[in-house]
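Participant:
Residue numbers (the working numbering), protein chains in the order written: chain A, 7 to 310; chain B, 7 to 310.
1) Please look up how many angstroms separate the CB atoms of residue 96(B) and residue 121(B), rounded, as I've assumed it's under 8 Å.
2) Just checking my contact of residue 224(B) with residue 193(B) at CB under 8 Å: how many whole Å lie between their CB atoms?
3) Listing by chain order, which chain A residues have their CB less than 9 Å from the CB of residue 27(B)?
4) Would you please state the rounded distance, in angstroms, between the beta carbons of residue 204(B) and residue 195(B)? I believe it to be under 8 Å.
5) Identify the residues that DSSP records as bridge partners of residue 194(A): which are they?
6) Where DSSP assigns a beta bridge to residue 275(B), which residues make up the other side?
7) Can you find a C-beta in chain A that's less than 8 Å from the C-beta of residue 176(B)?
8) Have a look at the DSSP bridge pairing and note the partners of residue 59(B).
9) Can you give the beta carbon distance from residue 257(A) to residue 230(A), rounded, assuming they're within the 8 Å contact cut?
10) From 22(A), 135(A) and 190(A), pick the residue whose C-alpha is nearest to that of residue 102(A); which is it?
11) Please list, in chain order, all residues of the same chain as residue 162(B) whose beta carbon is under 7 Å from its beta carbon, the five residues on each side excluded.
12) Does the Cβ-Cβ distance between residue 75(A) and residue 14(A) come in under 8 Å?
13) Please list, in chain order, all residues of the same chain as residue 243(A) whose beta carbon is under 7 Å from its beta carbon, the five residues on each side excluded.
14) What do you reckon, are the CB atoms on residue 53(A) and residue 85(A) nearer than 8 Å?
15) By Cβ distance below 7 Å, which residues in the same chain neighbour residue 111(A) in space, the five residues on each side in sequence not counted?
16) Are the stretch 173-182 of chain B and the stretch 282-294 of chain A touching, with three or more C-beta to C-beta distances below 8 Å?
17) Check whether the Cβ of residue 272(B) lies closer than 8 Å to any Cβ atom in chain A.
18) What are the boundary residues of the beta strand (DSSP E) that residue 158(B) is part of?
19) Relative to the alpha-carbon of residue 200(B), which residue among 94(B), 272(B) and 50(B) has its alpha-carbon at the smallest distance?
20) Could you tell me which chain A residues have their CB closer than 7 Å to the CB of residue 98(B), listed as they occur along the chain?
21) Please confirm if residue 40(A) has its CB atom under 8 Å from at least one CB of chain B.
22) Would you call the CB atoms of residue 98(A) and residue 63(A) closer than 8 Å?
23) Please list the terminal residues of the continuous alpha helix (DSSP H) segment that includes residue 216(A).
24) If you compare alpha carbons, which of 58(B), 16(B), 211(B) and 65(B) is closest to residue 45(B)?
25) Note down the Cα distance separating residue 32(B) from residue 280(B), rounded to an integer number of angstroms.
26) Does residue 17(A) come within less than 8 Å of chain B when only Cβ atoms are used?
27) Hey, could you find the ends of the alpha helix (DSSP H) residue 35(B) is sitting in?
28) Can you give the Cα-Cα distance for residue 118(B) and residue 178(A), rounded to whole angstroms?
29) Got a sec: which bits of the stretch 126-147 of chain B sit with their beta carbon under 7 Å from any beta carbon on chain A, in order along the chain?
30) Pick from 60(A), 267(A) and 114(A): whose alpha carbon is nearest that of residue 321(B)?
31) What whole-angstrom Cβ distance do residue 226(B) and residue 274(B) have, given they're in contact under 8 Å?
32) Does any CB atom of chain A fall closer than 8 Å to the CB of residue 123(B)?
33) Taking the alpha-carbon positions, what's the residue 50(A) to residue 260(A) distance?
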């Protein structure tokens, strides 16, 4: 028994490549020259006993991810029956499409716990399409912030607010991009002996968050963009990272600098946008690695 | 210029294999013995000029389908720019998850027409999550039944009602499984010279439908189940095909019998459930083929 985390999808919304993107990273795939591995959208799986797993976020690519990862596939029918999954819980860290759309794949009368903050539960409830998750099978658990709870057998979790924003599809005319509340959370996962922090979306690192992470053994953190204006510079979008609710990796107010003195043993970037230069071997990836960061990839597994 | 149809996904809801299914077809994939090709969920692409494509239904697997099919990928950036897709329209034949969930992938400020009946437009409008399709880019067109309209450059379409039911997530306590109206439609596609019928969901074949299809060059038709009680017999579900709004292939009141005297030149089963024995080489597939049917597969392309 040890805490295992499995990166089912290392990419941010859209994945790598993104369906309609000709930016240099995505275009490499469309042109048939693939200098690096493709990546599906943001999902982390966690287990303590290796048999029961929780998904942290349900990406639109979840069916493809399950097909790629034996850990998440139906087990021996002679023991587990004709309908089976090792996925016992799905926890959402925000209401973004890349984190919730996969719920629509996890239908077909399968029992699991759907775990969210009250605010995200409301977002789902406002969309009747999520009634595809039959309440006779799927238990919706709403969890308050800063309260440890049993997530699956052998794994406790605690949700804490991090700066973020409402999902894009709920944005009004003005958007506060650094709300701290139930819209965007980080998760601390523990098996009693070790703990892991998972924070795939985070707009800034205030002192309270820095203190919480200090001395952690493993943090998987928002690696959406390298520079705040990366999408604008590459001509594929008009928004900065700050506008999207994501801190950048580089620069004086970036995550690499913010983590420099936190004494975190192992730091892994996840939720990496297809525009991010760290996908490639190059100076940015070298800089991140020199600062002690790892770049996640689909199928990356870490045991604590 | 000729009408081209491309089966992006040949399977019904859940795909083959289905994420939580240990039925014999799905289990073959989980156990590593794959006697046949996997299949993604229901989507047909159509084009006349080979450059502009319409998708008929947007399956949860659409990102994977685009990655597999060069026809649907972004084109040369020097000519088409940094954001591009040959997908100019998406037409929905009903509101089922396997036909609409992929809309959530087709976001990222990309222009296309979203074409539905008024009833299905209402289903989408009741779910704010579909606002991810920015109305500044995505034009929602509601189309009346039995009226030809321009779908994309070189392709006209006409929607017609076929027997069906409301999507599962909108079912009440009682369900009429053979409603004829805007909930479930078939599509006739034409380039002026040739026409194709696409009917991925259909609960029965009344005389009016039989007459419409008589003498057609190509019909792609609902191949969900081989026998009506197939899911019950295999122990993976409690519903008959009739209860799910799908006519079966075999038997006196099945689709093979109903098509027998319709003089359709080419008949192709699509939207095939993972429980259907026709995926395998065996007596059922042989019987369908002997009756002049083809079994669709992902990537199957037909030119008229």
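Beta carbons are placed, not taken as given, at the ideal position from N, Cα and C, and that holds for glycine.
Facilitator: In terms of the structure at hand:
1) Position 90 of the second chain, counted from the start, is the residue given in the question as residue 96(B). Position 115 of the second chain, counted from the start, is the residue given in the question as residue 121(B). Residue 96(B) to residue 121(B), Cβ: 7 Å. Contact.
2) On the second chain, position 218 is the one that residue 224(B) refers to. On the second chain, position 187 is the one that residue 193(B) refers to. The pair is not a contact, with the Cβ atoms about 12 Å apart (cut-off 8 Å).
3) In the second chain, the residue the question calls residue 27(B) occupies position 21. Neighbours of residue 27(B) on chain A, chain order: 80, 88, 89, 90 and 114.
4) Along the second chain, read from residue 1 onward, the residue named residue 204(B) stands at position 198. Along the second chain, read from residue 1 onward, the residue named residue 195(B) stands at position 189. Between residue 195(B) and residue 204(B) the Cβ distance is about 7 Å, and since that is below 8 Å, they are a contact.
5) For the purposes of this step, residue 194(A) is taken as the residue at position 188 of the first chain. Residue 194(A) pairs with 164(A) and 203(A).
6) Here residue 275(B) refers to the residue found at position 269 when the second chain is read from its first residue. 227(B) and 301(B), per the DSSP bridge assignment.
7) Against the second chain, residue 176(B) aligns to sequence position 170. True, the Cβ-Cβ gap to chain A drops below 8 Å.
8) Residue mapping note: residue 59(B) aligns to position 53 of the second chain, counting from 1. Answer is 53(B) and 93(B), bridged to residue 59(B).
9) Position 251 of the first chain, counted from the first residue, corresponds to residue 257(A). Position 224 of the first chain, counted from the first residue, corresponds to residue 230(A). About 14 Å; that fails the 8 Å criterion.
10) Counting from 1 along the first chain, the entry for residue 102(A) is found at position 96. Ranking the options by Cα distance to residue 102(A), first place goes to 190(A).
11) Taking the second chain and counting its residues from 1, one reaches residue 162(B) at position 156. Taken in chain order, the residues that qualify are 154, 155, 156 and 196.
12) Numbered from 1 along the first chain, position 69 holds the residue referred to as residue 75(A). Numbered from 1 along the first chain, position 8 holds the residue referred to as residue 14(A). Yes.
13) To locate residue 243(A), count along the first chain from 1; it is residue 237. 237, listed in sequence order.
14) Along the first chain, read from residue 1 onward, the residue named residue 53(A) stands at position 47. Along the first chain, read from residue 1 onward, the residue named residue 85(A) stands at position 79. For residue 53(A) and residue 85(A), no; Cβs fall outside 8 Å.
15) As a first step, residue 111(A) is located in the first chain; it is residue number 105 there, counting from the start. Here the set comprises 68 and 69.
16) no
17) On the second chain, position 266 is the one that residue 272(B) refers to. Answer no: the Cβ-Cβ gap between residue 272(B) and chain A never drops below 8 Å.
18) In the second chain, residue 158(B) corresponds to position 152, counting from 1. Its beta strand (DSSP E) spans residues 155-158.
19) Within the second chain, residue 200(B) is the residue found at index 194, counting from 1. Closest option to residue 200(B), Cα to Cα, is 272(B).
20) Against the second chain, residue 98(B) aligns to sequence position 92. Chain A residues near residue 98(B): none, gap ~13 Å exceeds 7 Å.
21) As a position in the first chain, residue 40(A) is number 34, starting the count at 1. Cβ-Cβ to chain B under 8 Å: no for residue 40(A).
22) One-based indexing of the first chain puts residue 98(A) at position 92. One-based indexing of the first chain puts residue 63(A) at position 57. The answer is yes: Cβ separation under 8 Å.
23) Taking the first residue of the first chain as position 1, residue 216(A) is located at position 210. Taken as a continuous stretch (DSSP letters only), the alpha helix (DSSP H) holding residue 216(A) covers 213-219.
24) For the purposes of this step, residue 45(B) is taken as residue 39 along the second chain, with counting starting at 1. Here the closest residue by C-alpha is 16(B).
25) Here residue 32(B) corresponds to residue number 26 of the second chain, with the count starting at 1. Here residue 280(B) corresponds to residue number 274 of the second chain, with the count starting at 1. Spanning the two alpha carbons is a distance of roughly 7 Å.
26) The residue given as residue 17(A) occupies position 11 in the first chain. No, its Cβ sits nowhere closer than 8 Å to a Cβ of chain B.
27) If you number the second chain from 1, residue 35(B) lands on position 29. Per DSSP, residue 35(B) belongs to the alpha helix (DSSP H) from 30-36.
28) In the second chain, the residue the question calls residue 118(B) occupies position 112. In the first chain, the residue the question calls residue 178(A) occupies position 172. Taking the straight line from one Cα to the other gives about 23 Å.
29) 132, 133, 134, 135, 137 and 138
30) Here chain B comprises residues numbered 7 to 310, so residue 321(B) is not present and cannot be evaluated.
31) Here residue 226(B) refers to the residue found at position 220 of the second chain. Here residue 274(B) refers to the residue found at position 268 of the second chain. Right, their Cβ atoms sit about 5 Å apart.
32) Your numbering for residue 123(B) matches position 117 in the second chain. It does not: the Cβ of residue 123(B) has no partner Cβ on chain A nearer than 8 Å.
33) Within the first chain, the letter at position 44 stands for residue 50(A). Within the first chain, the letter at position 254 stands for residue 260(A). Those two C-alpha atoms are separated by around 23 Å.
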